[in-house]
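Line by line, the protein sequences are chains A and B.
If you're matching positions, the first sequence starts at 1 in the working numbering and goes up one per residue.
If you're matching positions, the second sequence starts at 320 in the working numbering and goes up one per residue.
Where a beta carbon is used, it is the ideal one built from N, C-alpha and C, also for glycine.
There are 2 protein chains.
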Amino acid sequence: MDQPKGPGKGRTIGKTNNVNADLIAVVVAVNDAGPCFLTIEQGAALPSGPFELAHRSLQSGLRAWVELQTGQPLGYIEQLYTFADRDRVGANQRVISISYLALTREEDAGTSGRRSWASWYDYFPWEDHRSGRPPIVLEELRPRLIEWADGADDGATRFDRRRRAAVAFALDGRAWNEELALQRYELLYEAALVDEAKRGGVSAILASVPGRSMIADHRRILATAIARLRSKIKYRPVVFELMPPLFTLLQLQRTVEALSGRLINKPNFRRLIEQQELVEKTGATTAETGGRPAQLYRFHHTILDERPVAGTKLPLARA
Amino acid sequence: MDQPKGPGKGRTIGKTNNVNADLIAVVVAVNDAGPCFLTIEQGAALPSGPFELAHRSLQSGLRAWVELQTGQPLGYIEQLYTFADRDRVGANQRVISISYLALTREEDAGTSGRRSWASWYDYFPWEDHRSGRPPIVLEELRPRLIEWADGADDGATRFDRRRRAAVAFALDGRAWNEELALQRYELLYEAALVDEAKRGGVSAILASVPGRSMIADHRRILATAIARLRSKIKYRPVVFELMPPLFTLLQLQRTVEALSGRLINKPNFRRLIEQQELVEKTGATTAETGGRPAQLYRFHHTILDERPVAGTKLPLARA
DNA sequence: CCAGTTATAGTCCACTTGATTATAAGATGT
DNA sequence: ACATCTTATAATCAAGTGGACTATAACTGG
């Protein structure tokens, strides 16, 4: 163990280093009710399963488990994060979880009825700012976060906690930042304001806590997915993975708003989308929208290859 | 296997699902010679080792291996990517690699002489555009990429290959995008223009290929790290992890330039850094720079907590 | 004291983007 | 038929961002 070891040679391969690898999927879609994700066990868990020898790759293993458990075939997939589960350490065994974000359309359904879609904001009611700041932030979270901050032993910690709470939840006149979804969940976890923090804990006071909870750290993974997606739609054209083949610009805007949890200025959104040439008119129109019939657009696929990183800006920069 | 399975319960834990997990580190620093990274085996491999039961977490396991193999203690760490190694599938065993990016200073040395720093651009000579586009791009890569593109069977593939080459390597008047480091390496791999692509291959023609190669897919992981870092310095204040406690603005600029592989307009860089209040003057000056003594700055640490996502823009946006 | 080097301040301008207003085209109800 | 509602689409204004450039200051070494 004292000599530098090159990977792939001279390594001790034995039982002691064995781990089990779990694949976990956050499968996101957007429907009229808003952004949602695939769940199993009545909304308590994300689709997941062990990585097995039969799987050709991590991604194909993930696709297999999701399709088996929910009947949903997956399109776009990206890796979220890999973590070792501290709570599930066996004698000679550990579990590593590799989480993924998948984007799809709800219509991409098999006929299987096993899948069930759940709304993001049932699990994160403080994340939806489309109708202004939700009351839960100031009425419930703020006082309890302050209480938590003031419960710290030393003044420095109290100050730090209040500052972190203010940054994450846009208190004291700060601007709301929708990309901080993960930080907010972690803060609430640290303050024991979510159910997950109380499991097996000593806390006798099980006061009502905001948002639906999930098993293990699945809600944390969901928060990671939300934060990643909210960030990514600003610089990569991933929104279109969630859209039907034909759509109006307002439908596209509503989808982005659903994901980011905030409203967008309509003319600016149209201008940005059109001048980037991300979409092209089909000529067809739809009258299903109520007022004047809207142009139907489709995603301009060739652009996807032309702009590997740049482009796809969305007017979500400032508050 | 037909019923939905909840994670953590009812799972079959058996030999067939066992994997070995490898931790691989790209440890980056910047010195006068430019950006560099820690290697073992005379620059042929990245520090790495298996994730073991004794490790408290993935990160601590990584730190342990890097320190053991190179004597270098690590500061900032972030996860890069997790992949299953297709080439190393045993009868009942597979290997999963979890790669990390670490930022440090070369001075953070132990006295151990086992570590050896290698320069990025010895492995990716086409990535350094600080003195203009390196000749290797037009003189070597371009003709061989065109040759590769024209070797495709059908016209559509030929067109696609030429377009991808042009986008990645800024041909046909396109602008250079330093963040495409990974795409460039993958393109060269696909075109069999890097050594790694020829291992165990049929290719009899071992023409000289650009850049030093590494074992397994370590150079690919390095490319991933470079791309990630070049992207990240634009929106998070991670550059300061690579700086000494006190530095001049020009030193900071040179570091950013070394990482991004391109030059930055000096007044604009200063303006952006100063108006973001990322640094503060110490009052001290240094005359080591040659001309007029420069102010010494230090990183304004409190800002790091205040701006969890925003800020830290760098003038690298356009060409 | 002059040339060379680096530091630092300021200006100009093109482009981006947030905000607002105006107009067009359909549906619906009376 | 007409008013009114809803949504679509176009155009404009103003503030801010960021790239390029110039000018001046302060030091070192012949």
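Three-state secondary structure assigned by DSSP to residue i
i: F443 (chain B); result: coil
i: I136 (chain A); result: helix
i: F299 (chain A); result: strand
i: V513 (chain B); result: coil
i: D22 (chain A); result: strand
i: I359 (chain B); result: strand
i: Q391 (chain B); result: coil
i: A165 (chain A); result: helix
i: L80 (chain A); result: strand
i: I534 (chain B); result: coil
i: Y554 (chain B); result: coil
i: R115 (chain A); result: coil
i: R318 (chain A); result: Residue placement at R318 (chain A) is poorly supported in this model, since its pLDDT is 41, which falls under 50; the coordinates still yield a value, given next. Coil.
i: R252 (chain A); result: Rather than Arg, the amino acid found at residue 252 (chain A) in this sequence is Leu. Three-state result, L252 (chain A): helix.
i: L171 (chain A); result: coil
i: T476 (chain B); result: helix
i: A33 (chain A); result: coil
i: S579 (chain B); result: helix
i: R130 (chain A); result: strand
i: V209 (chain A); result: coil
i: R94 (chain A); result: strand
i: A149 (chain A); result: helix
i: R56 (chain A); result: coil
i: R105 (chain A); result: coil
i: W176 (chain A); result: coil
i: N584 (chain B); result: coil
i: R549 (chain B); result: helix
i: R199 (chain A); result: coil
i: R405 (chain B); result: coil
Closer than 6 Å: residue i CB and nearest the ligand NAP heavy atom
i: E576 (chain B); result: Looking at this structure, you won't find the ligand NAP or any other ligand, since it has none at all.
Outcome for residue i when other beta-carbon atoms lying within 10 angstroms are tallied against a minimum of 16
i: G610 (chain B); result: exposed
i: F159 (chain A); result: exposed
i: G470 (chain B); result: exposed
i: P586 (chain B); result: exposed
i: A193 (chain A); result: According to the sequence as given, residue 193 (chain A) is Leu; it is not Ala. Buried, because 16 or more other Cβ atoms sit within 10 Å of the Cβ of L193 (chain A).
i: T601 (chain B); result: exposed
i: A165 (chain A); result: buried
i: T286 (chain A); result: exposed
i: R452 (chain B); result: exposed
i: A204 (chain A); result: Summary for A204 (chain A): the model assigns pLDDT 45, below 50, so the residue's position carries little reliability, and this model does not support an answer.
i: N411 (chain B); result: exposed
i: Q42 (chain A); result: exposed
i: H301 (chain A); result: exposed
i: N18 (chain A); result: buried
i: V349 (chain B); result: buried
i: P529 (chain B); result: buried
Which listed residue (the options) has its alpha carbon closest to that of residue i
i: A359 (chain B); options: B:S435, B:P369, B:F402, B:S416; result: Residue identity differs from the one stated: residue 359 (chain B) is Ile in this sequence, not Ala. The shortest Cα separation from I359 (chain B) among B:S435, B:P369, B:F402, B:S416 belongs to B:S435.
i: A54 (chain A); options: B:F566, B:D351, B:L565, B:R413; result: B:R413
i: A603 (chain B); options: B:Y616, B:Y400, B:P563, B:R483; result: B:Y616
i: L377 (chain B); options: B:N339, B:T605, B:R452; result: B:N339
i: I534 (chain B); options: B:N336, B:I343, B:N337; result: B:I343
i: D514 (chain B); options: B:F443, B:V598, B:N350; result: B:F443
i: K551 (chain B); options: B:R463, B:R480, B:E458, B:E498; result: B:E498
i: L141 (chain A); options: A:R184, A:W120, A:A175; result: A:R184
i: E147 (chain A); options: A:A175, A:L188, A:P135; result: A:L188
i: D351 (chain B); options: B:L571, B:P529, B:T401; result: B:L571
i: R405 (chain B); options: A:A197, A:E52, A:E139, A:N177; result: A:E52
i: T157 (chain A); options: A:A191, A:F247, A:P143, A:D22; result: A:A191
i: L565 (chain B); options: B:F488, B:F618, B:Y400, B:P529; result: B:F618
i: L357 (chain B); options: B:V385, B:P462, B:V528, B:R539; result: B:V385
i: T248 (chain A); options: A:E274, A:C36, A:L46; result: A:E274
i: Q614 (chain B); options: B:L597, B:L569, B:E397; result: B:L569
Residue(s) in a DSSP beta bridge with residue i
i: G368 (chain B); result: B:L342
i: N419 (chain B); result: What sits at residue 419 (chain B) in the sequence shown is Tyr, not Asn. DSSP lists B:A344, B:Q398 as partners of Y419 (chain B).
i: E599 (chain B); result: B:R617
i: T604 (chain B); result: B:Q614
i: F247 (chain A); result: A:Y297
Contact between the region 65-82 of chain A and the region 94-104 of chain A (3+ Cβ pairs under 8 Å): yes
contact_flag[the region 253-261 of chain A, the region 117-137 of chain A] where n(CB pairs < 8 Å) is 3 or more: yes
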